[in-house]
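So the structure is just underneath, and the comments pick up after that.
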Amino acid sequence: MTSGVPLEYYLALSAVMFVTGAAGVLLRRNAIVIFMSIELMLNSVNLSLVAFSGHLGDQAGQILVFFVMAVAAAEAAVGLAIVIALFRNKQTIQVNEMNIMKW
Amino acid sequence: MNEQAKAVLSLYPALILIFPLLGFLLNGLAGKKIASEKISGIIGSGVIGISFLLSAFILSELLARPPEERSFTVTLFNWIAAGGLSVDAAYHIDQLSVLMMLIVTGVGFLIHVYSIGYMRGDPAFWRFFSYLNLFIFMMLNLVMADNFLLMFLGWEWVGLCSYLLIGFWHARKFDTGGYAPGAATTSDAAKKAFVVNRIGDAGFLIAMFMIFAATGTLNFETLFTQAPARFALNEPLIVGITLLLFLGATGKSAQIPLYIWLPDAMAGPTPVSALIHAATMVTAGVYMVARCSVLFVLAPATMETVAIVGIATAFFAATMGLVQTDIKKILAYSTISQLGYMFAGLGVGAFTAGLFHVTTHAFFKALLFLGAGAVIHALHDEQDVTKMGGLKKFMPGTYRTQFIAALAIAGVPPLSGFFSKDEILWKAFSGGSAVIWVVGWLTAGLTAFYMFRMMTLVFEGEPRFAHDRHPHEAPATMLVPLVILAFLSVAGGFLGIPQALGGGNILELWLEPVFERSLGILGSATHGSLSTEYLLMALSVAVGLAGIFLARTLYLSRRELVERMAGRFAATHGLLFHKYYVDETFDAVIVNPLKAGSRGLLWKGIDARIIDGAVNGCARLLNSLSTSARKAQTGNVSNYGLAVLIGISLLLGFIIARWNG
């Protein structure tokens with residue numbers, strides 16, 4: 008650890024980011040915002056991976072981060088396509104208005 | 257006889273059976289394709305003719321042997337083997353079964369030939385012949401079987417054939433003569449016959465169970481050898497078994513109280529009435545009792561029941577026959593009455609006499625029915641005797657044969673009916689049952705009366721049928737069987753001329769080995785001198801002639817007297833005409849309560865409330881549970897997300913707790 012910032016700080020920040028993202032996914036209604044919240048959760052995970060990688064001197068954590076970023080990019084492409092398709096059909100991207108799949 | 261000849265002879269029973277079966281299959285499967293009445297008719301009657309010739313051949317072979325060797329058994333294969341039960345598909349040929357085989361195939365053949373003429377132009381000609389052949393096949397199974405189960409197979413199948421043939425014209429309207437007016441079709445009559453027969457069959461079946469439970473065998477020969485040692489005289493078990501067997505016989509042979517189906521069975525085509533409901537199937541009960549004679553003589557109580565039921569049926573059926581106006585119903589009641597005679601004969605231990613009457617009755621009753629068929633045919637389906645008359649000059653051939661048959665059944669010597677009926681009456685009298693003789697004697701008078709009432713109304717006097725009907729003599733295919741049967745009705749009696757009249761009583765000698773065992777148990781308690789026998793003979797001839805004379809006088813020249821008497825004794829007339837209201841009584845006592853019980857209690861109570869209630873209750877419970885449970889599915893993605901999160905948290909918490917613990 009060159010900078011001398013302790014591991015706990017990274018993990019605490021990562022936890023705050025993850026909880027913020029999870030709360031955003033559950034509480035927000037706008038599909039785009041939910042998307043962004045998911046990205047936030049992914050990035051918090053990336054942050055803890057990098058932190059652990061540096062702390063343990065193991066490169067595997069950083070390699071895994073690239074996978075996560077690749078998956079996140081793919082997910083963003085598919086997810087945005089779904090959002091556009093939904094908007095074309097319902098003229099809205101509010102997820103609480105898309106509730107026809109119920110009893 | 258050498259071994260080779262024996263081996264050849266053992267093939268014959270199988271061949272006799274195979275030909276009618278072949279005819280049934282050919283006509284049944286290909287008859288519609290062939291679409292030729294000629295070919296169907298030739299196949300149908302040809303196979304029966306072959307069976308008859310083969311049966312006659314067996315007879316001649318047996319005749320060539322000494323009396324004690326005149327029986328053999330042919331085992332085709334082991335039919336059923338389960339636990340202690342082993343039943344072979346085996347056929348027992350002896351004097352009794354050969355007699356029945358000859359009647360079934362011989363009379364059957366004549367009726368098949370007759371049917372070619374009678375059924376001409378029927379759209380289902382081929383079906384008719386295939387049913388008839390099936391019937392003969394199964395009837396042969398019944399009379400040739402060497403065990404109860406195989407006999408029961410034939411017994412049930414002839415019942416089915418009877419059902420199929422009564423309802424052959426299933427859409428035709430049918431007059432039940434009182435109950436269920438207007439709506440009945442011939443298939444209702446068929447159903448009635450089938451259901452009533454089932455009651456008797458249940459008795460037969462239970463008797464079989466009891467026999468097997470008591471002795472462990474259903475084979476006739478084994479059973480009859482063991483029975484005298486196994487059962488004490490009048491032991492409740494053997495009385496029960498024989499009474500149940502007799503219940504089966506009352507169903508099949510139309511005795512009190514199960515006779516009600518036979519008059520309605522006349523809804524079928526007339527050759528069917530002649531073959532099944534007069535000459536052969538209805539005598540199956542008589543045959544069965546005779547076959548099981550060893551069991552019956554071990555139960556004198558049953559023998560008495562048989563005799564009483566028989567003679568009562570003979571009398572009551574004859575009284576009902578007095579007032580009927582449907583020509584076939586007159587003959588139906590006459591059949592029931594004559595079957596009653598046969599049972600009376602069996603009941604007093606005169607097994608040979610009973611079977612003698614089976615034989616002669618087969619001839620003259622088949623003849624009467626076929627003649628009635630010719631008349632019905634000539635008058636375009638008219639069956640009401642009050643709308644006939646004067647047919648003598650239009651159909652001289654039919655008239656002559658009918659006259660012979662009527663004389664035979666009325667017991668005029670030397671025709672066949674005289675010998676067989678008199679044999680039964682004499683055996684009853686000499687066996688010590690004077691009451692049976694008196695009732696039988698009265699019935700003989702009634703028989704002569706109703707037969708000649710019918711003859712007079714149909715053939716004599718002025719024509720009463722509509723002017724647009726032009727009666728004509730029957731075609732040759734119908735007339736030739738009539739003539740042959742007329743010849744047999746005359747000559748059949750010579751099989752059993754009693755010793756008192758200087759005859760040899762061929763039939764009695766022939767059947768003696770079959771009944772040796774049972775007659776040994778029964779003992780011979782005959783008394784009565786030769787002069788008594790002559791006196792009784794003279795009396796029964798006298799009552800027969802009196803009946804004939806009375807009927808001819810009343811219906812030929814004194815019709816108005818008949819009307820007056822019917823008016824004066826309206827109550828009696830109504831009682832007889834409605835067959836003592838037996839059908840109505842059965843309806844009121846059994847059928848309607850059963851229907852009401854089924855509808856009110858079983859259907860609306862148990863089925864609708866309890867069974868349906870349980871099923872519907874389950875469904876309703878599940879429905880209400882799922883109605884509240886499905887509210888969890890909000891369709892809102894955030895809720896699902898929350899659920900996932902909670903789930904994951906719990907799972908993680910669990911894993912971490914274990915890790916640390």
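Taken in sequence, the protein lines are chains A and B. If you read the first sequence in the working numbering, its first letter stands for residue 8, the second for the next number, and so on. If you read the second sequence in the working numbering, its first letter stands for residue 257, the second for the next number, and so on. All C-beta atoms, glycine included, are put in the ideal place defined by N, C-alpha and C.
Look at the beta carbons and you see the region 815 to 835 of chain B touching the region 573 to 583 of chain B: at least three pairs across the two are nearer than 8 Å. Around the CB of Leu271 of chain B, fewer than 16 other CB atoms lie within 10 Å, so the residue is classed as exposed. Contacts between Asn892 of chain B and chain A, judged by CB atoms closer than 9 Å, involve Val102, Asn103, Met105, Asn106, Lys109 in chain order.
If you look at Ile583 of chain B, you'll find it in the alpha helix (DSSP H) that goes 583 to 603. The region 410 to 417 of chain B makes contact with the region 382 to 395 of chain B; the number of CB pairs closer than 8 Å reaches 3 or more.
Taking the beta carbon of Val75 of chain A as reference, no residue of chain B falls within 9 Å; the closest one sits roughly 18 Å away.
Proximity to Thr442 of chain B across B:Val770, B:Met464, B:Tyr419 peaks at B:Tyr419, based on C-alpha coordinates. Rounded to the nearest whole angstrom, the CA to CA distance from Lys677 of chain B to Ala505 of chain B is 20 Å.
A residue is called buried when at least 16 other Cβ atoms come within 10 angstroms of its Cβ; Val871 of chain B does not meet this threshold and is exposed. Exclusion of the five residues before and after Thr575 of chain B leaves Leu702, Leu832 as the residues of its chain whose Cβ lies within less than 8 Å of its Cβ. Between Phe620 of chain B and Ala664 of chain B, the C-beta gap is smaller than 8 Å, which places the two residues in contact. Note that the C-beta distance between Val538 of chain B and Lys584 of chain B is not below 8 Å. Annotation note: the region 322 to 385 of chain B contains the following uninterrupted beta strand (DSSP E) runs of length 3 or greater, listed N- to C-terminal: 328 to 338, 341 to 349. The C-beta separation of Val90 of chain A from Ala38 of chain A comes to about 5 Å, placing the pair in contact by the 8 Å criterion.
Contact between the region 552 to 566 of chain B and the region 595 to 613 of chain B is present: three or more C-beta pairs spanning the two stretches fall below 8 Å.
Residue pairing from DSSP places Ala401 of chain B in a beta bridge opposite B:Tyr347. Gln101 of chain A is bridged by DSSP to A:Asn37. When DSSP states are grouped into helix, strand and coil, Asp724 of chain B belongs to the coil group. Around the CB of Ala445 of chain B, 16 or more other CB atoms lie within 10 Å, so the residue is classed as buried. Spanning the alpha carbons of Glu560 of chain B and Gly339 of chain B requires a straight line of approximately 37 Å. Closest in C-alpha terms to Gly717 of chain B, from the list B:Arg808, B:Ala700, B:Glu768, comes B:Arg808.
Secondary-structure assignment with DSSP links Lys508 of chain B through no beta bridge to anything. In this structure the region 270 to 287 of chain B does not lie against the region 318 to 328 of chain B, because fewer than three pairs of beta carbons, one per stretch, are closer than 8 Å. Counting along the chain, Pro669 of chain B sits inside no alpha helix (DSSP H), nor does DSSP assign it H or E at all.
Runs of the beta strand (DSSP E) spanning 3 or more residues and lying entirely within the region 593 to 661 of chain B do not occur at all. The residue from B:Phe625, B:Leu267, B:Ala337 with its alpha-carbon nearest to that of Leu474 of chain B is B:Ala337. The beta strand (DSSP E) runs of length 3 or more contained entirely in the region 15 to 69 of chain A do not exist; there are none. At a cut-off of 8 Å between beta carbons, Leu898 of chain B contacts chain A. When B:Asp724, B:Asn490, B:Ala630 are compared, the shortest CA-CA separation from Ile777 of chain B is found for B:Asn490. Shown here, Asn916 of chain B sits in a helix according to DSSP, grouped into three states.
For a cut-off of 8 Å, the C-beta gap from Leu514 of chain B to Gly456 of chain B is around 6 Å, short enough to register as a contact.
Within chain B, no C-beta atom comes nearer than 8 Å to that of Ala19 of chain A; the closest sits roughly 18 Å away. Along the region 899 to 913 of chain B, the positions whose C-beta sits under 9 Å from a C-beta of chain A are Leu901, read in chain order. In this structure Leu493 of chain B touches Met466 of chain B by the C-beta definition: roughly 7 Å separates them, less than 8 Å. Within chain B, the C-beta atoms nearer than 7 Å to that of Val32 of chain A come from Gly897, in chain order. In terms of beta-carbon proximity, Ala29 of chain A lines the interface with chain B, with at least one pair separated by less than 8 Å.
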